[in-house]
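Peer 1: Quick one: structure below, then a few questions.
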Amino acid sequence: MAKHIEKAPLEYSMCTGCVSCEMVCSMVHEGYVSPQTKRLFFKAGPVKTMLHEIYTCQQCDDHPCYEACPKKDEAMCIDENGIVYVNEKNCIGCGKCAKACKFTPSRIHVVKSKDKEERKAKKCDLCRTRPEGPACVQWCPFMCLAVSDRLPWEERQETDQS
Numbered sequence: 654m655a656k657h658i659e660k661a662p663l664e665y666s667m668c669t670g671c672v673s674c675e676m677v678c679s680m681v682h683e684g685y686v687s688p689q690t691k692r693l694f695f696k697a698g699p700v701k702t703m704l705h706e707i708y709t710c711q712q713c714d715d716h717p718c719y720e721a722c723p724k725k726d727e728a729m730c731i732d733e734n735g736i737v738y739v740n741e742k743n744c745i746g747c748g749k750c751a752k753a754c755k756f757t758p759s760r761i762h763v764v765k766s767k768d769k770e771e772r773k774a775k776k777c778d779l780c781r782t783r784p785e786g787p788a789c790v791q792w793c794p795f796m797c798l799a800v801s802d803r804l805p806w807e808e809r810q811e812t813d814q815s
């Protein structure tokens, strides 16, 4: 299984919904904070439970997003460490990668805009160019996130039920 970001189990840490992860993600990749440019997704849980979800690219071994991209190796790329990332200069914002994602909700966000230059796919690339690793993991004030190479939670659940 490829490395990906995973939420820590509840017995170790509890997400409060502060969205620091979203903000630092946007800041590191874009240089400013905007919900449109984040590469991970926060979903609030039931009120007062703090059972929040965080969704990020799971860096699947079969890379359906990469295979679906009409500009494969130009826009949707795989680096020497096997990390799938978007080269936004070449991305046409068609959304085929987001539709191909096998997770629900899709772990790829396509920025909607009338301006074709602004329409780009955004997905977690584990901050691959950052020596310190993923910014969201480093900056979460409650240590809710970690880099993992275990099966994604959804797939572990399916395996456990078989």
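Under the numbering used here, the first residue of the sequence shown carries the number 654, and numbering increases by one thereafter.
By construction, the Cβ of each residue, glycine as well, lies at the ideal position given by its N, Cα and C atoms.
If you're wondering where the values come from, they're calculated on a predicted model, not measured in any experiment.
1) In the DSSP assignment, the alpha helix (DSSP H) including Y685 goes from what residue to what residue?
2) Just to confirm the assignment, what range does the beta strand (DSSP E) spanning C730 have?
3) Based on the DSSP output, what are the partners of F695 in its beta bridges?
4) Taking Cβ positions, are A655 and G735 nearer each other than 7 Å?
5) Assuming the contact rule is C-beta atoms closer than 8 Å, C718 and A753 should be a hit. Round their C-beta distance to whole Å, please.
6) Between the beta-carbon of N740 and the beta-carbon of C747, is there less than 7 Å?
7) In whole angstroms, what is the alpha-carbon distance linking C710 and K776?
8) According to DSSP, is V764 helix, strand or coil?
Peer 2: Here's the rundown:
1) Careful: Y685 lies outside any alpha helix (DSSP H) and carries neither H nor E.
2) M729 to I731
3) I707
4) yes
5) 5 Å
6) no
7) 6 Å
8) coil
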